[in-house]
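Below: the structure, in structure tokens.
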Amino acid sequence: MGASLKITGLSVIYGAAIEALENVSLTVPEGGFVALLGANGAGKSTLLKAVSGLLRFENGRARAGKIEYNGKPIGGLPSYQLARLGILHVREGRFVFPNMTVEENLEAAAFAQAGRGPKLPGHVYDEIFGYFPSLERRRGSLAGYLSGGEQQMLAIGRALFAQPELLMVDEASLGLAPKIAAEIFEILARINRERGLSILVVEQNVSLALRHAAYGYVLESGKLVQEGNAESLMDREKLSKRYLGGSVGEAAPSPAAH
């Protein structure tokens, strides 16, 4: 089941003067799949951190605007409370626990579930491993020994284990070979279809994101410069040259990505 997110006129600063977002408005409808696009430094990750309550840990704050979740304001709530409300944020860099097994990493997500209902049913493992069969094969392996693609799958699986209603994923394809990145986006699209989970992805690989998202927003230097349905945003030349500084095609393979 999904939830709705509405951001209105959001402006964010770091420290006393560094403005990262200026008057940004964005909506993720219930059960929607939305992509937030833009080059490095555009403010994409900052927006996710504003929603998930992580700005305070980086000396950032919202100086204006409103964030609503299922019609209720959530600005200023601590991150643990937002997680219990069903907002899960898969951060750039994956942040798995390298010295814990795959299964232990998944179990750690149960803490986010505390206070939101009964104990998770046993079939949750089957559901997660159904989306990520490679994790089931390696459920006893230390997360630090997984490939980059498997670690990204684990990070997403861990978020799903906490039974979110809004899943936010920051740079899902970063550092991954195109084939693995495409597989992860296909899984996200399947989760969106089958569970009705609302998804907001931050992504630089425009063509990959817009093949799966229904709607997209483009940020440039902290400002919203374009939005529209996926088909209308697939104007490669316009997006590439004006906003993204390069090709919107598939990312080049990373030598370390598997």
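For the sequence shown, this note's numbering begins at 60 and goes up steadily by one.
We put the CB at the ideal spot given by N, CA and C, even for glycine.
Predicted model, so just to flag it, every value in this text is computed and none were measured.
Fully enclosed by the segment 66-105, which alpha helix (DSSP H) runs are 4 residues long or longer? Complete alpha helix (DSSP H) runs here, min 4: none at all.
Which residue comes first and which comes last in the beta strand (DSSP E) that contains Glu286? DSSP places Glu286 inside the beta strand (DSSP E), whose first and last residues are 282-288.
Reference Gly286; option with closest CA among Ala231, Leu85, Leu80, Gly68: Reading the sequence as shown, one finds Glu at residue 286 and not Gly. Just measuring C-alpha positions, the residue of Ala231, Leu85, Leu80, Gly68 sitting nearest Glu286 is Leu85.
Please state if the CB of Leu219 and the CB of Asn258 are separated by a distance shorter than 8 Å. Inspection of the sequence shows that residue 258 is occupied by Ile rather than by Asn. The Cβ atoms of Ile258 and Leu219 lie no closer than 8 Å to each other.
Indicate whether the contact test is met: 3 or more Cβ pairs, each with one atom in the segment 85-94 and one in the segment 254-273, closer than 8 Å. Contact between the segment 85-94 and the segment 254-273 is present, because at least three Cβ pairs lie under 8 Å.
Check whether the Cβ atoms of Glu279 and Ala101 sit closer than 8 Å, and answer yes or no. A Cβ-Cβ contact shorter than 8 Å links Glu279 with Ala101.
Thinking C-beta only, is Arg198 closer than 8 Å to Glu162? Cβ atoms of Glu162 and Arg198: closer than 8 Å.
Cut-off 7 Å between Cβ atoms - residues of its own chain near Glu195, not counting five sequence neighbours on either side: Cβ neighbours of Glu195 beyond the five flanking positions: Phe188.
May I have a chain-ordered list of the alpha helix (DSSP H) segments no shorter than 4 residues that lie completely inside the segment 232-289? 237-254, 265-269, all fully within the segment 232-289.
Closest by CA to Met212, which one among Glu253, Phe244, Asn129? Met212 has its Cα closest to that of Phe244, out of Glu253, Phe244, Asn129.
For Ala168, the nearest candidate out of Gly145, Glu253, Glu151, Leu205 (CA to CA): Across the set Gly145, Glu253, Glu151, Leu205, the C-alpha of Gly145 shows the shortest separation from the C-alpha of Ala168.
Taking DSSP as the reference, what is the three-state secondary structure of Ile146? Strand, per DSSP.
According to DSSP, simplified to helix, strand and coil, what is Ile133? Of the three classes helix, strand and coil, the one that applies to Ile133 here is coil, per DSSP.
Per-residue burial, Ile66 [other beta carbons within 10 Å of its own, 16 or more giving buried]: Looking at its Cβ environment, which holds 16 or more other Cβ atoms inside 10 Å, Ile66 is buried.
Which whole-angstrom value describes the C-beta separation of Leu80 and Glu262, a residue pair presumed to lie in contact below a C-beta threshold of 8 Å? The beta carbons of Leu80 and Glu262 sit about 17 Å from each other, so the pair does not count as a contact at 8 Å.
Would you mind reading off the limits of the alpha helix (DSSP H) that contains Leu219? Element bounds for Leu219: 207-220.
Out of Ala268, Leu141, Tyr276, Leu267, which has the shortest C-alpha to C-alpha gap to Pro223? Nearest C-alpha to Pro223: Leu141.
From Ser291, Leu205, Phe191, pick the residue whose C-alpha is nearest to that of Leu247; which is it? It is Phe191.
Under 8 Å by Cβ, that's how I've got Pro157 and Ala202 pegged, so tell me the actual separation to the nearest angstrom. At roughly 5 Å, the Cβ-Cβ gap stays under 8 Å, so Pro157 and Ala202 are in contact.
Integer Cβ distance of Ala121 from Gly134, believed to fall under 8 Å: About 6 Å separates the two Cβ atoms, so the contact holds.
Can you give the beta carbon distance from Ser70 to Gly152, rounded, assuming they're within the 8 Å contact cut? Approximately 26 Å separates the beta-carbon atoms of Ser70 and Gly152; this is outside 8 Å, ruling out the contact.
Near Ala76, what residues of its chain come up, given a Cβ to Cβ distance below 7 Å and the 5 sequence neighbours on each side ignored? Hits under 7 Å: none found.
Environment of His182 [buried if 16+ CB atoms lie within 10 Å]: For His182, the number of other beta carbons within 10 angstroms of its own is below 16, and it is reported as exposed.
Residue from Val155, Leu256, Ser104 with nearest C-alpha to Gly207: When each option's Cα is compared against that of Gly207, the closest is Val155.
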